[in-house]
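What follows is one structure encoded as structure tokens, with my remarks underneath.
Protein chains: 2
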Amino acid sequence: MNKAIKAAVIQQKIPDNDKTVNLSVTSEKIKQAAEQGAKLIVLQELHASQYFCQTEDADVFDLAEPLDGETFQTLAPIAAELDIVLVISMFEKRSAGLYHNTAQVIDGKAGRVGIYRKMHIPDDPGYYEKYYFTPGDGDGELNGFAPIQTSLGKLGILVCWDQWYPEAARLMAMAGAEVLIYPTAIGWDPADDKDEQQRQLDAWMTIQRSHAVANGIPVLVANRTGHEDSPDDRAPGQTFWGNSFIAGCQGELLAHASENNEEVLTAELDMARSEHVRRIWPYFRDRRVDAYGNLKKRWID
Amino acid sequence: MNKAIKAAVIQQKIPDNDKTVNLSVTSEKIKQAAEQGAKLIVLQELHASQYFCQTEDADVFDLAEPLDGETFQTLAPIAAELDIVLVISMFEKRSAGLYHNTAQVIDGKAGRVGIYRKMHIPDDPGYYEKYYFTPGDGDGELNGFAPIQTSLGKLGILVCWDQWYPEAARLMAMAGAEVLIYPTAIGWDPADDKDEQQRQLDAWMTIQRSHAVANGIPVLVANRTGHEDSPDDRAPGQTFWGNSFIAGCQGELLAHASENNEEVLTAELDMARSEHVRRIWPYFRDRRVDAYGNLKKRWID
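Chains as they are written, first to last, in my numbering: chain A, 1 to 301; chain B, 1001 to 1301.
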């Protein structure tokens, strides 16, 4: 991997489901990030539309696209023009009745160099993702946790709910990921008090920073911000909490966005640090692979 | 498990290797914790002596004891008298030429109810543990990651270097641990600058708090404090960084000790929170057990 990489994560409010307009606005922000020198740019989860999983509605599948659909067609030329590595997120129609929450990596003029289909799918009130997304395929040698080779290095892309699973981060690192990347869309339940909201935000930052610590590689997180109403008038809608961040390979915060504002957040990743940190804290030397078999179980009972 | 448990972690300076005196001082601190209402009390790693792994010296094996040795003989009656669950840590002589870094759990009058032998053994300059300790056995149904049943609930005991491994915390939780407990002895390299020291301390707190987050259970950490000279005059000795803490099941800090002082740190664990938190963040529902097989590998290459 290059010795130093200027990286950016883009945190946005999405006002409606006009994908053409949304992708145009996002394109401008990508250009701003590139003007600031970013070579690796990460967009938030499902950035082309509002977060459509607030209710279960069969008509919403109209928002889905094939891998080569409007989102890719709009953004691939921009990545090529700017000569950047761009991580996009989209609602993928793989076939009639088969949809995924998919990230694509576009590497400048080389175009799409890999995709990642979200492996862990959440489902709770206002986040009805199990209705919309089939989990990523678990077959193949890497069981779906496959880093994507780019001109900047190997990227371990994971998406939102994946962020709570140390297993996912570990598998990406063991397969050679040099940085972990999380497009995400998470917010608060307005029914929770301020203390609970703070605990949830802290937990979310802590678990993702811990993946940097456990694996000795940087972590980039692009989260959505702003309020989006629910199609269900009785529901409170979602208030996404922003707080996108970039952490170094000891989990230290290099850049940290606000809660409520759109931001183009950048930081310099010192890739030589990973080699150093893995020398002083050689966790991979000592994993008890003879004793981890039960991790494949659902529960030990 | 009981609905609420008052817990304590005891952070100490150890002035020399007079075990009888050290255990007597520790006994007084255990009594102080019990007077404050603590029913679950955790001691730091290898508390009966100074941290003896700063050099490799065959004579140091004289410090080791059998499970029923002086450490147990001194502390078991105190646990019985105070009717507490006490987690102690000792240099175990299992046989001639076979030693472990072992925690024991003493449950009031019931005496010893279980032991845990440190599974992941570190080794770096000033922490020559691979010379002294054989890793815990990995055979048996739980492969060494076996929670210990007590009158207060099931305790997932892990020791120091284990703290960097999400696999260890996960396996304990999956085997029913209701709280994670880390006796530890970690400090700074005085050759590092303040920024590096801060990154290391933050990483250490972050990874352990993340085990609470990932598994929805509280975490107790008892760390050593104070400076201990090395037998090797050319070595700087160890400056243990204290900062023992107690975190709730979302990783939130309930109590946090200073860097340099001896402390009896207490907090109330609300055990009903785990049930609630695992309902709102049901990570165990969605683990991709079909796709985690590579976690048993050393590396994926």
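Every residue, glycine too, gets a C-beta built ideally from N, C-alpha and C. As the structure is a prediction and not an experimental result, all values here were calculated from the model.
Which residues DSSP lists as bridging residue i, in chain order
i, result
"M1090(B)", "T1102(B)"
"W1188(B)", "T1239(B)"
"E1141(B)", "BP columns for E1141(B) are empty, so no partner."
"Q149(A)", "K154(A)"
"G1042(B)", "Per the sequence presented here, residue 1042(B) reads as Val, with Gly not at that position. DSSP, once it has assigned bridges, lists V1009(B) and V1087(B) as partnering V1042(B)."
"V1221(B)", "Y1182(B) and F1245(B)"
"D107(A)", "V85(A)"
Spatial distance of residue i from residue j (CA atoms)
i, j, result
"V1085(B)", "A1038(B)", "9 Å"
"D1233(B)", "Q1054(B)", "11 Å"
"D68(A)", "A76(A)", "10 Å"
"L180(A)", "W1164(B)", "18 Å"
"Q1198(B)", "A1096(B)", "41 Å"
"D83(A)", "I115(A)", "19 Å"
"G1144(B)", "G248(A)", "33 Å"
"N261(A)", "I10(A)", "11 Å"
"Q250(A)", "V264(A)", "23 Å"
"E28(A)", "P183(A)", "19 Å"
"E1070(B)", "M1205(B)", "32 Å"
"Q36(A)", "I207(A)", "29 Å"
"P66(A)", "T266(A)", "30 Å"
"V25(A)", "D62(A)", "21 Å"
"S1151(B)", "P125(A)", "37 Å"
"V221(A)", "I1280(B)", "22 Å"
"V113(A)", "I1106(B)", "57 Å"
"A33(A)", "N17(A)", "24 Å"
"Q1012(B)", "C1160(B)", "15 Å"
"R117(A)", "L98(A)", "12 Å"
Local conformation of residue i per DSSP, three classes
i, result
"E196(A)", "helix"
"G226(A)", "strand"
"S274(A)", "helix"
"Y1116(B)", "strand"
"K130(A)", "helix"
"Q12(A)", "coil"
"P166(A)", "helix"
"I1181(B)", "strand"
"S1095(B)", "strand"
"D1124(B)", "strand"
"T266(A)", "strand"
"A1004(B)", "strand"
"E35(A)", "helix"
"E1065(B)", "strand"
"H1211(B)", "helix"
"A1048(B)", "coil"
"D1290(B)", "helix"
"A255(A)", "strand"
"V1159(B)", "coil"
"D1285(B)", "Looking at the sequence provided, one finds Arg at residue 1285(B) rather than Asp. The answer is helix: DSSP assigns R1285(B) an H, G or I state."
"Q1054(B)", "helix"
"W299(A)", "coil"
"D1059(B)", "helix"
Pair within 7 Å by beta-carbon distance, residue i and residue j
i, j, result
"T1102(B)", "M1090(B)", "yes"
"E1178(B)", "G1153(B)", "yes"
"A7(A)", "L171(A)", "no"
"G1187(B)", "V1277(B)", "no"
"L40(A)", "T74(A)", "no"
"S258(A)", "G237(A)", "no"
"Y1292(B)", "K296(A)", "yes"
"Q1050(B)", "I1005(B)", "no"
"D290(A)", "G1138(B)", "yes"
"K314(A)", "A48(A)", "This structure gives no information on residue 314(A), because the portion of chain A shown stretches from 1 to 301."
"L158(A)", "A168(A)", "yes"
"R1224(B)", "A1185(B)", "yes"
"I148(A)", "L155(A)", "yes"
Cutoff 7 Å: residue i Cβ touching any chain E Cβ
i, result
"V1021(B)", "Included in the structure are the protein chains A and B, with no chain E among them."
For residue j and residue i, believed in contact at Cβ under 8 Å, the rounded distance
i, j, result
"H1256(B)", "F1245(B)", "5 Å"
"A175(A)", "A212(A)", "Going by Cβ atoms, the distance from A175(A) to A212(A) rounds to 17 Å, so no, they are not a contact pair."
"Q1104(B)", "F1052(B)", "Contact flag wrong, Cβ pair sits at about 19 Å."
"V1087(B)", "L1043(B)", "6 Å"
"G108(A)", "A79(A)", "6 Å"
"A1214(B)", "Y1283(B)", "7 Å"
"D1202(B)", "E81(A)", "Incorrect: roughly 39 Å between the Cβ atoms, too far for contact."
"S1362(B)", "S210(A)", "For residue 1362(B) there is no data in the structure shown, the boundaries of chain B being 1001 and 1301."
"D286(A)", "P1218(B)", "At roughly 26 Å, the Cβ-Cβ gap does not stay under 8 Å, so D286(A) and P1218(B) are not in contact."
"A1272(B)", "K1003(B)", "5 Å"
Residue i Cβ short of 6 Å to the ligand FMN heavy atom set
i, result
"G293(A)", "Inclusion of the ligand FMN in the displayed structure is not the case, the ligand content being empty and no account of it being possible."
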